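See below for the structure under consideration.
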Amino acid sequence: MNSWGVIPQINEGFRTRDEQLAVGRTGTTPAAPGQSWHEVGTAVDILIGRGADGRLDSGPDG
966 MNSWGVIPQI
976 NEGFRTRDEQ
986 LAVGRTGTTP
996 AAPGQSWHEV
1006 GTAVDILIGR
1016 GADGRLDSGP
1026 DG
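Heads up: the sequence shown is residues 966 to 1027, going by our numbering.
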């Protein structure tokens, strides 16, 4: 990925039950509170962006 100029970032790791509930309220579709791997510390959310603007990119051809 780095050879393409793509920079992966870990956005989220462990979340409490209250944090999981708050994420669910943002309109995304995470697991329900009490059923998320984030709540036991075994999941991460990764953002793949290119450059400082964080523009999402799927590969070298955009």
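Even for Gly, the Cβ is constructed at its ideal location relative to N, Cα and C. Source: prediction; values computed, not measured.
- For residue 985, the uninterrupted alpha helix (DSSP H) run begins and ends at 982-989, by DSSP.
- In terms of Cβ geometry, residue 995 and residue 1005 do not form a close pair [threshold 9 Å].
- Bounds of the beta strand (DSSP E) holding residue 977 are 971-977.
- The C-beta of residue 968 has fewer than 16 other C-beta atoms within 10 Å across all chains shown, which makes the residue exposed.
- The Cβ neighbour count for residue 982, taken over all protein chains shown within 10 Å, is under 16; the residue is labelled exposed.
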